[in-house]
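Notes follow once the structure below has been shown.
Numbering (my numbering), first residue to last: 19 to 678.
Structure below.
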């Protein structure tokens, strides 16, 4: 072990040295990553800190990326670009987040960064349209490759963009565009990516897209209205490979007339539309289609042979619909399908022959969050990943899993499984690498680790375990596997170990299973197990107590307080945004805006909470001298499935109790 550590240190030291040497700091414009790790900043340093940061390009020592965060202004940007010039370096990228621009709008970027290649402006402050002058991009005609102006209230694509002939990616998403003109793309023969989603587009002028001979990706959904003029112009894009119409208005069925014009596309995204059913032949012309996204529509019925003709399709998602029945030939023609997602539907039973066309190629299958209670024989012997989370299973047996000898990843979390037999995963023991049994009703784990020699990641958290002699074997097996993995250089990890806790006996309740003293694992006797606390002496002294007042966390999308608002149990809602990978080039690149924005929101939240608490205390003092009249304020009726609750307003208590 000592030799291994020495070897690792020996390898890391030159790497650290070379990385440090490459990342030469720029005077007067710090790298945010470096700044976060500095603890010796003086008050003067903080007072002089600008909110535009400089990060050297790790692939090119002469180029620098500038990021301006929330609270920055044009003066900060000017200081950052001057710092780069004074260091004899070049600004190649500028990213601006939440900046409040002056009335004059954008500066002349050609003067402050003459070799700029990428410009990204997001979430402009205020409600006025961002002013973009005719000279804003002057001098960048040959250098600028990527341009994004997102959520800046633009009503039209700026005239100054016309001269940017070498643009490769262009995004004007989440603005206020209502039409796309014939002259707005006339010099964009190099453009390969265009995002105009999230606008109010209802028409596109004739031949507006004709110059876009190199366009491969078009994102034009999210509340834009897809009518005949839009369909006609998209049909002109003969180089198009990816079409994203997610959340577009006006789509009530797959646009077959459009498909006939662009049979070459490989990725089609129609998630979040209003398609109620799928009929045979609607996608038949898309012979080269590899990915089809139909998540979160209104699909209740899929007719047999609906996907016939899609012999190249590799990935199909139908998650978040209302499908309750699968016809035997529904997947006919999908001979190349490798990934199928049927999660968040209403499927209760699966016909035994429905997966017959998929047996040769399907590797990934998810049917999570469906009300199925039995897993029938599917014949999917090549499956490598299976998602069965949030279904209605009460047990899982080796017979149910016999069709999946190559299974590497199995998710059985949030089911109602109470028993796992020692041989449940017998058919997968040499293949299974990742197993999730989180949030079930398991009380014991007989030989689970011992019977899975290939397992690398195991999650058995949030189950009501009885910490007795039988569960002790699980702990010992985990310790042995950890030692073996260290010796052999293999991976083995217990996920959420701190949430893998004892439920019984009461003396161990809440203790992490893997941290319990082995001597405490004793035979469990339910009759003798008690919650009675030992007798303690009390004094007559009265202590001053402070009751914590909890306000429901209704800000920033966090979960509502479980104390003040109680909701009837329900299935999780499918979140289309979590797996939306169709957004553009810039969404895949990390920015510094997120941690700063979260910090600002957190600060505002604290201020609001303090103000509310002070207001409530003041009202309590005033209200104590007034008489209440009319209907009691103690009873509050919550709508939309909320349970009626009673707010206890007795002195010294501030909590919610169920109404009886």
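Note that beta-carbon positions come from the ideal geometry of N, C-alpha and C, so glycine has one too.
Please read these numbers as outputs of a predicted model, since none were measured by experiment.
Cβ-based burial, residue i [other Cβ within 10 Å; buried from 16]
i	result
residue 467	buried
residue 494	exposed
residue 628	Its pLDDT being 45, under 50, residue 628 is placed unreliably in this model, and the coordinates cannot settle the point.
residue 39	Note that residue 39 scores a pLDDT of 38, beneath 50, so its modelled location is shaky and nothing firm can be said.
residue 227	buried
residue 578	With a pLDDT of only 36 at residue 578, under 50, the local geometry of the prediction cannot be trusted, and the value read off the model is given with reservation. The residue is exposed, with fewer than 16 neighbouring Cβ atoms inside 10 Å.
residue 608	Here the model assigns residue 608 a pLDDT of 43, short of 50, so the residue's position is not dependable, and the following value carries that caveat. Answer is exposed; the Cβ neighbour count stays below 16.
residue 83	buried
residue 511	exposed
residue 442	buried
residue 289	buried
residue 524	exposed
residue 325	buried
residue 432	buried
residue 477	buried
residue 251	buried
residue 337	buried
residue 36	Residue placement at residue 36 cannot be trusted, given a pLDDT of 39 that sits under 50; what the coordinates show is reported in the next sentence. The residue is exposed, with fewer than 16 neighbouring Cβ atoms inside 10 Å.
residue 507	exposed
residue 361	buried
residue 407	buried
residue 646	Its pLDDT being 41, under 50, residue 646 is placed unreliably by the model, and nothing is read from it.
Residue i, enclosing alpha helix (DSSP H) - first and last residue
i	result
residue 488	487-506
residue 129	127-130
residue 247	246-252
Collapsed DSSP secondary structure at residue i in the structure displayed
i	result
residue 471	coil
residue 51	helix
residue 232	coil
residue 279	helix
residue 267	strand
residue 582	Its pLDDT being 31, under 50, residue 582 is placed unreliably by the model, and nothing is read from it.
residue 325	coil
residue 762	Given that the chain is displayed from residue 19 to residue 678, the structure contains no residue 762 and the question cannot be resolved.
residue 531	helix
residue 432	coil
residue 286	strand
residue 319	strand
residue 148	coil
residue 257	coil
residue 525	helix
residue 153	coil
Residue i - partner residues in DSSP beta bridges
i	result
residue 86	70 and 114
residue 78	75
residue 520	483
residue 333	309 and 357
residue 347	Answer by DSSP bridge pairing: none, since residue 347 is not bridged.
residue 477	454
residue 413	437
residue 296	320
residue 44	47
residue 701	Coverage of the chain is limited to positions 19 through 678, which leaves residue 701 absent and any answer about it impossible.
residue 512	476
residue 442	Answer is none; residue 442 lacks a bridge partner.
residue 372	According to DSSP, which records beta bridges pairwise, residue 372 is partnered with nothing at all.
residue 109	82
residue 243	267
residue 314	In DSSP, residue 314 forms no bridge with anything.
residue 237	213 and 262
Boundaries (first-last residue) of the beta strand (DSSP E) holding residue i
i	result
residue 383	382-384
residue 405	403-405
residue 213	211-213
residue 99	It is not in any beta strand (DSSP E) - residue 99 instead sits in the alpha helix (DSSP H) that spans 92-104.
residue 260	260-262
residue 427	427-429
Near the ligand MG: residue i beta-carbon under 8 angstroms from a heavy atom
i	result
residue 419	This structure lacks the ligand MG; in fact it carries no ligand of any kind.
Every unbroken beta strand (DSSP E) within the segment 155-202, with a cutoff of 3 residues, ordered by chain: 164-168 and 187-189
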